[in-house]
Structure formats: C-alpha cells, structure tokens
Amino acid sequence: MLRQKKYSAFTTLLFSLIPLILLAGCNKDGVGIFYQIGSEVPQNKSTLSERVVHQVLDVGGDIYVLSGQKVFVQSGDDWDDVSGGYLFTSIVTDGTDLFATSDSAQILSYEGSAWNEVKKYGDNVLLREANGAFVLKVGSGGIASISTSIGTVATEDFKDSEIDADTYEGQSLRDAAWDGAHGFVALTDKLLGTVFGAALSEQAAPDINGDFRGLATDGTDFYLSTGGGELYVGSLDNDSWTWEEPATSFPEVPVKGALEVVNLDGTKYLLIGTDEGYYEMKLGDSSVVPPSETTTVGNFSSSYPELARATIFDIYQVDGSTNEFYLATSAGLWLRRNDGTFARQ
Amino acid sequence: MQRYKFLAASLIFLLIVGVTPSLFSQSEEENEGDRQQEQPIEAEPPLTTPEDESFLEPYSLGSQTFSINAGFFIPLFFQYPGLEGGDELNSIEPGWEHLSLGGTGSLSWGSYLTPRFALGAKLSGTFSFTPNGELHSLIPITMWAEYLFRSGSFEFPVSLQGGVVINRAYEEVYFGPIAIPGISGYYNINAEWGLGLSLEYYWVPEIYFGDKSNATSFGNMLELSFSARYHFS
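Set out below in structure tokens:
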C-alpha cells in the first residue's frame, strides 16, 4: 500500500510537468536571450559605469558631466570628481567657462581647480543653456533669461540677472531652446517664448495638459515633447507660432526630457530620449523609430542592451561635423562614435 | 548589486549543502538507536558464499535517492542556425567569450524501478555573467531517468534529464525546453551516503518563428559539480 502511494505521487509529479512542457518556447517580448548574449559588445568600466548621468557638456575640449549631485571631468579613460564638496543641481557652459548651480542656492563658476561663488539666491536655483542663451529659475517662482546673444555671457551677466519672482509658482524648469533669434522655455505646463533682445513671455502652447519635457530646434522649427508621448513641431507663421504633431508612430515609452537635433553625415535627426533608450526622427520624415538607420550594428538593442534599456536624460553633440554625440543615461555616459558604434565612457 | 545578491544566495546554498548531510547523519544515528531498542532479535541470515554476495543488488523497486549538487557552470558555445545578412554573429560563438564561469546547484529525488534503473525529478539553478555584468540564469525543472553501473563501493549513474527551463537575462524571460545528459561517479561511504562528482551537458534550445527566427539559438553548457547522494527506502 505504501509503495502504491509512492508511485501515485511520482505519477502525479510526472503529469504535473506536462503542462509546463507544453508551454515551453514562450518569451513575452524578447529579442532572444542567447542572441543578445552573443551580440553584446563589451564596454569600458569607469567611475561613471554604474552611475546615473544627468547632464553632459564640453568646455574648451574637456567633457564634464553632472552625475547625481557631483560634477566629474573626463581624464583619459576615467573620470575625476571635481565637486569640491558642493552638491550640484545643474551645469551649463558658455563654451569657455563651466557654471553650475548648487543645492545651497548658489551659482558657481569653475576655474579649473576650484569653484567660486558668483551669486547666492534665497531659494533653490536651476540653470539651463540653449545654444548660448541661458535660462535661470529660482525656487518655485520666477524665471529670467540671461543674455540673448551667443558667446557674450560672462560672469557679470549671472551677477546682474534679476528674477521676476512668483510669476511661475509651482512650475518646474524643464528645457530651453534658442535658435539665435527666437527662444522657448518649457515649464511644467507653460511655454515661454522670446525674440532677440526681448523678455520672456507666455506663449500659446499646444492644446494638451502640459507635462512638457524636451525642447529642441534645428534652426528653423522648434520641437516640443511631452511625458505623455506627444511630439510637436512649432513653426513661425506670420509672427505667430503654430504647433502640430508630425509623428505618426511615436514610441510608446515615457519621454524623459532629452530632445536634441544632431547632424549625422550631413542629415539632421531629432533624437528623443525615453525611459527605454533613445529614438530618432529624420527631419522631414514623420516616423519616430529606434536608432537602427544611423547605427552600423546589426541589432542595436542586442549589441547595447544596457543603453537600449536606459533612461536618457541628456543628448549632446559637441561638433556637428564629427557624427559623434554623447548620451547621459541611467547607465552611465555613452558616446556614439563616428563609425556608428557606441562606447560607454 | 544583483551580483552581490547572487553571491550571497550561492553562499547560503553552499552552507545548506554543507549542513544537510550532518543533519541527515545525526537523525539516522538517532533512528538507528531507536531501531535497536524496538526491533526484536531476528533469526540469523542464511549462509551465502562470497560469489553469491557479488550478485546482491543494494537497490530494488521502491528504493529512493535524494541528491544535493553544487559546483561550476561552464559555458561551452552558442549555435545560431538562422542568422541573416544583418546579423554580426557567427553561427557558432564560443560561450566563454560571452558568459563568465558560473555556479550551479540542484536538488534531486528519484526512485528505483529495477535494481539498476531509476526515475526522478530535479530542480536546478545556474548563474553566470555577461561581459558587461548582466546576470544570466537558468532554472531547469526536469524529470530524469538513469541507469546505474556499479563496481564495489563505486557507483556510476548515467542519466538523461528532460524538462523545461526558465532562461533569464536582460530583464527577459524565455520559458523553453532543456535536455541534460550526464554521468556521475559516487563512492559509497556507507549504506546510505555516497559522495562524488557529476558532469552534465546542458542543451538549451531557444526557438523563435517568423520575423524573429534569426534569433533562434542553442545554448551548450557544462555543469561540473560535487554531489552527495542519500539512499533510503
């Protein structure tokens, strides 16, 4: 009797595996695990490899990043922490000097070895740079644009900046874009605009519920993305801006704010940072697609799975003639090389 | 962080492997003492010649085994039979260039149908890492059949496992079939316990159809593990 019980248990176990075997072969939405393992390109390990990188920019040939609340500068294959005890919230450059905001409501400038306080405010301060123009926001209130002329921003401009306080209470500074003649600033659900030499003023925004994320310009039109996944193109028509949706197939992943126009082999692409890598739209087209056309690898997401899954916080092209650009991501800093491959920095 | 979690899990597993035999042997000694107290004195066994003893089989229908394995997971190669022009892979890629040397552990139970043939079930787990530190794991859930070769105190089970495997990496999960032929060698230190080594070959198909058929692949790996096997009825 005991033996019979043992074998009925054994038979039950055997038959319970049959449904599992019938389900074999299921993979929800994968690329192929062994395919990815074989395709994965080994990457450099550095101080930034395991860090979240929020901003990247070039200052006189040196690459600086904001990672968490620290500022690093590239030094060979690795990175040096140049934070000097400060905790930073944003970094900008005028091309010659590095400026940063700290969590102590300061604007600081970096002199190559030390930080110097330029100005101190009474509330948290945040800076954004767009093609040589700067936008400054203090606390939950006011906002100011500093200099509307490329290359003329100096320390004095920051010192003299005046904030129109309480005008935009509750609004976060998301992004800014400046084509040399016109500029836009995206707040949480307001769009500010200006023309050369004039103050910022509220503009007619696309008829959506806000959550603006990224702004970029190709020198003629402006592009605006939202956390809901919409992309708008703003065009100037008889002194007024109209915003339309150009994309027919926008990625169904949240946009994180990185929106940049880059030049690759003489063709302009709008790059869109999301929670799962970046997407691209060739200007003039209407399709937003994964970066397959502009890479030289067989399968982007298999070769660079970390980058394909990463949240993209910033996209930065140093020189439009090199086909290179940087991606500041939740999985470190990545460089898109001239040959169409990617390398973690 | 994930790597540390798995290293911790591996240590815990190895501790369990180390502790479990002593628990078994302790309870066995206690049971033995109980049996000596409870069992009446039996009649003497019939006389046999040494030649007769060599044909005695220690296992029979209903004899059971419980095994614990822990060891190394060695990637051999990946085969990609459906590659297309845009793919940058070779049809055979060396496994050691894409996965690190890993670890493996398993628990197995079986029962003999004849003195030399047994059927059972096994739960295993493996882990290794891709060049950029991504964790890859396999969790095979298999049924097995084995034939036992014996020589004195040594036993050499030759087995074939078949079942399903949960294949994980890159936040993806593939639920597929697996086949694992293997051979083990045990030295029986007493009537209950055997210690030895196991060598198993993992054949892991990952099959796709349609526009993803180029991603079809076959993983080939090796498990080399230390094994402890407990016999009971």
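Line by line, the protein sequences are chains Y and V.
Number 251 in the working numbering belongs to position 251 of the first sequence; there are no gaps in the numbering.
Count along the second sequence starting at 1, add 345, and that's the number in the working numbering.
For every residue, glycine included, the Cβ atom is placed at its ideal position computed from N, Cα and C.
Consider the Cβ of residue i: report whether some Cβ of chain V lies at a distance smaller than 8 Å.
{"i": "isoleucine 312(Y)", "result": "no"}
{"i": "valine 52(Y)", "result": "no"}
{"i": "glycine 38(Y)", "result": "yes"}
{"i": "tyrosine 64(Y)", "result": "no"}
{"i": "asparagine 338(Y)", "result": "no"}
{"i": "phenylalanine 342(Y)", "result": "no"}
{"i": "phenylalanine 34(Y)", "result": "yes"}
{"i": "arginine 213(Y)", "result": "no"}
{"i": "glutamate 306(Y)", "result": "yes"}
{"i": "valine 59(Y)", "result": "no"}
Within this structure, are the beta carbons of residue i and residue j separated by less than 8 Å?
{"i": "tryptophan 79(Y)", "j": "threonine 47(Y)", "result": "yes"}
{"i": "serine 109(Y)", "j": "aspartate 97(Y)", "result": "yes"}
{"i": "phenylalanine 422(V)", "j": "asparagine 565(V)", "result": "yes"}
{"i": "valine 125(Y)", "j": "isoleucine 107(Y)", "result": "yes"}
{"i": "proline 426(V)", "j": "glycine 440(V)", "result": "no"}
{"i": "alanine 133(Y)", "j": "glycine 95(Y)", "result": "no"}
{"i": "tyrosine 121(Y)", "j": "isoleucine 143(Y)", "result": "no"}
{"i": "tyrosine 232(Y)", "j": "tryptophan 241(Y)", "result": "no"}
{"i": "serine 287(Y)", "j": "threonine 311(Y)", "result": "no"}
{"i": "valine 65(Y)", "j": "leucine 327(Y)", "result": "no"}
{"i": "threonine 561(V)", "j": "glutamate 545(V)", "result": "no"}
{"i": "glycine 416(V)", "j": "threonine 449(V)", "result": "yes"}
{"i": "arginine 213(Y)", "j": "valine 255(Y)", "result": "yes"}
{"i": "asparagine 323(Y)", "j": "leucine 264(Y)", "result": "yes"}
{"i": "serine 303(Y)", "j": "glutamate 50(Y)", "result": "no"}
{"i": "phenylalanine 88(Y)", "j": "leucine 127(Y)", "result": "no"}
{"i": "serine 543(V)", "j": "glycine 527(V)", "result": "yes"}
{"i": "glutamine 55(Y)", "j": "isoleucine 63(Y)", "result": "no"}
Between which two residues does the beta strand (DSSP E) harbouring residue i extend?
{"i": "arginine 344(Y)", "result": "342–344"}
{"i": "histidine 481(V)", "result": "480–496"}
{"i": "threonine 459(V)", "result": "Premise fails: threonine 459(V) is in no beta strand (DSSP E) and is neither H nor E."}
{"i": "asparagine 263(Y)", "result": "255–264"}
{"i": "phenylalanine 423(V)", "result": "409–424"}
{"i": "serine 102(Y)", "result": "98–102"}
{"i": "leucine 333(Y)", "result": "332–336"}
{"i": "glycine 210(Y)", "result": "Taken as a continuous stretch (DSSP letters only), glycine 210(Y) belongs to no beta strand (DSSP E), as it is neither H nor E."}
{"i": "threonine 329(Y)", "result": "325–329"}
{"i": "glutamate 280(Y)", "result": "278–282"}
According to DSSP, is residue i part of a helix, a strand, or is it coil?
{"i": "aspartate 58(Y)", "result": "strand"}
{"i": "tyrosine 35(Y)", "result": "helix"}
{"i": "asparagine 512(V)", "result": "strand"}
{"i": "leucine 127(Y)", "result": "strand"}
{"i": "aspartate 179(Y)", "result": "coil"}
{"i": "serine 592(V)", "result": "Any property of residue 592(V) remains undetermined from this structure, which presents chain V solely from 346 to 578."}
{"i": "glutamate 117(Y)", "result": "strand"}
{"i": "serine 149(Y)", "result": "Because serine 149(Y) carries a pLDDT of 47, less than 50, the predicted location of this residue cannot be relied on, and the following value inherits that uncertainty. If DSSP states are grouped into helix, strand and coil, serine 149(Y) belongs with coil."}
{"i": "glycine 440(V)", "result": "helix"}
{"i": "alanine 414(Y)", "result": "Outside the modelled stretch of chain Y, which goes from 1 to 345, sits residue 414(Y), for which no answer is possible."}
{"i": "isoleucine 534(V)", "result": "coil"}
{"i": "isoleucine 63(Y)", "result": "strand"}
{"i": "valine 82(Y)", "result": "coil"}
{"i": "proline 476(V)", "result": "coil"}
{"i": "glycine 234(Y)", "result": "strand"}
{"i": "tyrosine 553(V)", "result": "coil"}
Cβ of residue i less than 8 Å from any chain Y Cβ?
{"i": "leucine 444(V)", "result": "yes"}
{"i": "tyrosine 575(V)", "result": "no"}
{"i": "tyrosine 532(V)", "result": "no"}
{"i": "threonine 475(V)", "result": "yes"}
{"i": "serine 370(V)", "result": "Reliability fails at serine 370(V), whose pLDDT of 40 lies under 50, so the model's placement of it is uncertain and no value is given."}
{"i": "alanine 524(V)", "result": "no"}
First and last residue of the alpha helix (DSSP H) that includes residue i?
{"i": "serine 301(Y)", "result": "300–303"}
Buried or exposed for residue i, going by 16 or more other Cβ atoms inside 10 Å?
{"i": "isoleucine 37(Y)", "result": "buried"}
{"i": "isoleucine 534(V)", "result": "exposed"}
{"i": "asparagine 559(V)", "result": "buried"}
{"i": "glutamate 280(Y)", "result": "buried"}
{"i": "threonine 274(Y)", "result": "buried"}
{"i": "serine 456(V)", "result": "buried"}
{"i": "lysine 137(Y)", "result": "buried"}
{"i": "leucine 434(V)", "result": "buried"}
{"i": "proline 251(Y)", "result": "buried"}
{"i": "leucine 406(V)", "result": "exposed"}
{"i": "glycine 228(Y)", "result": "exposed"}
{"i": "tyrosine 492(V)", "result": "exposed"}
{"i": "serine 367(V)", "result": "The pLDDT assigned to serine 367(V) is 40, lower than 50, so where the model puts this residue is not dependable, and the model offers no usable value."}
{"i": "phenylalanine 313(Y)", "result": "buried"}
Is the Cβ of residue i closer than 8 Å to any Cβ of chain B?
{"i": "arginine 174(Y)", "result": "Of the chains in the structure shown, none is chain B; the protein chains are Y and V."}
Does the ligand FMN have a heavy atom nearer than 7 Å to the CB of residue i?
{"i": "glutamate 491(V)", "result": "The ligand FMN is absent from the structure shown, which contains no ligand whatsoever."}
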